[in-house]
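Notes follow once the structure below has been shown.
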Amino acid sequence: MPRERAAFASVRIFASPTILQGSRSVVSTGGRIEHGKRAMTQTTLIANGTVVTAEGEFAGDVLIEGEKIVAVGRIAPPEGTRVVDAEGCFVLPGLIDNHTHLSMPFMGMMSSDDYDTGTRAAAAGGVTCLVDFAIQREPDNLRSALEQWRGRADGAAHVDYGFHMAITNASEPVLEEMTAMSDAGICSFKLFMAYKGELMARDDALAACMERARDLDALIMVHAENGDIIDLLVKRAIAHGEVSAIHHALTRPEFVEAEATGRAARIAEHIGTSLFVVHVTCAAAAAEIEAAQQRGAAVSGETCVQYLINTIDDLRRPGVEGCRYICSPPLRDAANHERLWGYVQRGVLESISTDHCPFTDEQKARGLENFSLVPNGLALIQHRLPKLWDEGVMAGRIAHSQLVDLTSTTIARRFGLNAKGALAPGKDADVVVLDPAAPRPYGVATSFMNVDYDLYEGETASASVRHTFSRGTLVYDRGEIMTEPGHGRFVRRTLRPAHRAEL
Ligand code: URP
Ligand code: ZN
Ligand code: ZN
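Residues in the sequence shown are numbered consecutively from 6, following the working numbering.
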């Protein structure tokens, strides 16, 4: 018997093959489930939980056959069904993290989670799909980047994954190749407006990529900071001996993010392309997105969990501890938290991701004498759901359904993950069972992330992930990873409407 059945203390096998059409509505694919075929396929009922969707919640069950959800409602389990008792728990669509950097070569180093460790941590945090960034390294070629990133992920991941393509040199062949990328399931392209000398793209490249993306029904994403101004401020700070971690944040003030956000939005609006601004940190930048939306531009954005919780003061911690909090754009002052929540609540910022980009203490310590050498990025992929549960739901800032929308449903729609992001018949059976009465400490001891510290060590989450199912397979079960590397698959994404599919 697979390990997953043994893992459930409360597995029950039922003989009744009926789906009850009771007072609560039961939806099923085509109304009929063919029992003859089921012998070959694992059928699982996640029973008695509170099922949460982006629209609302209800007491009910989720029926999974093979890799798909086949029914949601009040369901009597068909014969041979494995029943997972979710009494007292919330049953959510698997979270999607659309902003991660696993095995990312960056600032002369490699981020410390690979696709094995990073997706274990993802599953432990209720994440069943992530969209990582492949990064162009050859001047005239995107294909080699996609091959490189797929080479790292294929056969290694525990949950499903897709890629955005980050364009660092928008040469003519590269603009041409965006079509092939789109055909290969890469329908979002990112440009970094910062990291001068390494990843930064200038406005002409941004505009050219936007034109191509518009014609391909693809999405442009931007890291919005003014890289030229940052470069100037960093050089000045280093020359004045201002080298500690806090100076990373002080050389990237809010206005450089707000200016770049507004600039990208104006260019996108003029060209008529859809724009998604990643990791919005402050009200000043969010206001630029809202203004663009009010003008009717197709501009949207996300924030990340750390910008709602951590502050610039974390960079004042002594030694390498301060370096752990170096990311770009930087953490801001606490006054931004409530204002960012406001933008989230109004839907101006439509989703919350992590920008997971972990580096170990040894890697971070490279910049102890010079902040500009510290690899940028935070280790967070496992902590998004419990943190948003406590800081969002329990704090009364968002409802259960908003949590689902912000971490799964809207992300699936925005990034063309058409089989994901919802608990509905026909969707991939990516399901999380969250136990609100099972506290779990944060810390290295309970973390699957490949870093030797935990940003929230010593704190305890009030709720914890009990089970994570990816396409019907139990990947995470109360502290244990149940799958082998390679369960996770590459997901082709498309934003092309059906009526343009043949173009
Ligand atoms: O500091 C960060 N955010 N590191 C990852 C790369 C990026 O800018 O997203
Ligand atoms: Zn970025
Ligand atoms: Zn990032």
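Ideal Cβ positions, reconstructed from N, Cα and C, are used throughout, including at glycine.
Note that the coordinates shown come from a computational prediction; the quantities given were computed from them, not determined experimentally.
- Judged by DSSP in its simplified three-state form, residue 362 adopts coil rather than helix or strand.
- Residue pairing by DSSP places residue 481 opposite 473, 486 in a beta bridge.
- Here the alpha carbons of residue 72 and residue 315 stand approximately 38 Å from one another.
- Residue 388 holds the alpha-carbon nearest to the alpha-carbon of residue 453 among 501, 471, 388.
- Residue 134 is bridged by DSSP to 101, 165.
- Apart from the 5 residues on each side of it in sequence, residue 483 sits with its Cβ closer than 7 Å to the Cβ of 471 in its chain, given in chain order.
- Here the alpha carbons of residue 370 and residue 385 stand approximately 19 Å from one another.
- The alpha-carbon of residue 169 is positioned some 11 Å away from that of residue 189.
- Annotation for residue 266: the continuous alpha helix (DSSP H) segment containing it runs 259 to 276.
- Taken from the Cβ of residue 332, at least one heavy atom of ligand 1 lies inside 7 Å.
- When C-alpha distances from residue 268 are compared across 128, 258, 290, the shortest belongs to 290.
- Separation of residue 140 and residue 61 (C-alpha to C-alpha, rounded to the nearest whole angstrom) is 38 Å.
- Only exposed fits residue 299, as fewer than 16 other CB atoms lie within 10 angstroms of its CB.
- Closest in C-alpha terms to residue 469, from the list 399, 330, 421, 391, comes 391.
- Between ligand 1 and the CB of residue 362, the shortest heavy atom gap is smaller than 7 Å.
- A heavy atom of ligand 1 is found nearer than 7 Å to the CB of residue 381.
- Residue 226: not part of any alpha helix (DSSP H); member of the beta strand (DSSP E) spanning 224 to 228, first to last residue.
- Taking the CA atoms as reference points, residue 216 sits about 40 Å from residue 244.
- In the DSSP secondary-structure assignment, residue 52 is bridged to 90.
- Counted as a single uninterrupted DSSP element, the stretch harbouring residue 187 is not any beta strand (DSSP E) but the alpha helix (DSSP H) occupying residues 177 to 188.
- DSSP links residue 445 through a beta bridge to 466.
- Boundaries cannot be given for residue 81, as no alpha helix (DSSP H) includes it and DSSP labels it neither H nor E.
- Counted as a single uninterrupted DSSP element, the beta strand (DSSP E) harbouring residue 64 occupies residues 62 to 70.
- Remark: C-beta atoms of residue 206 and residue 197 approach each other more closely than 8 Å.
- Placement of the Cβ of residue 284 at a distance of less than 7 Å from at least one heavy atom of ligand 2 is found.
- Annotation for residue 307: the continuous beta strand (DSSP E) segment containing it runs 304 to 309.
- A straight line joining the alpha-carbon of residue 127 with that of residue 180 spans about 33 Å.
- In the three-state reduction of the DSSP assignment, residue 420 falls in the coil class.
- Contact check for residue 166 and residue 493: beta-carbon distance about 6 Å, within the 8 Å limit, so the pair qualifies.
- The alpha carbon of residue 338 has as its nearest neighbour, out of 359, 365, 255, 130, the alpha carbon of 255.
- In this structure residue 399 is exposed. Its beta-carbon is surrounded by fewer than 16 other beta-carbon atoms within 10 angstroms.
- Within 7 Å of the C-beta of residue 253 there is not a single heavy atom belonging to ligand 2.
- For residue 169, the Cβ stays outside the 7 Å cut-off from all heavy atoms of ligand 2.
- Distances between the C-beta of residue 228 and the heavy atoms of ligand 2 include at least one below 7 Å.
- A contact is defined here as three or more CB-CB pairs under 8 Å, and the region 112 to 119 fails this definition with respect to the region 66 to 80.
- The closest CA to that of residue 192, considering only 476, 138, 49, is found on 138.
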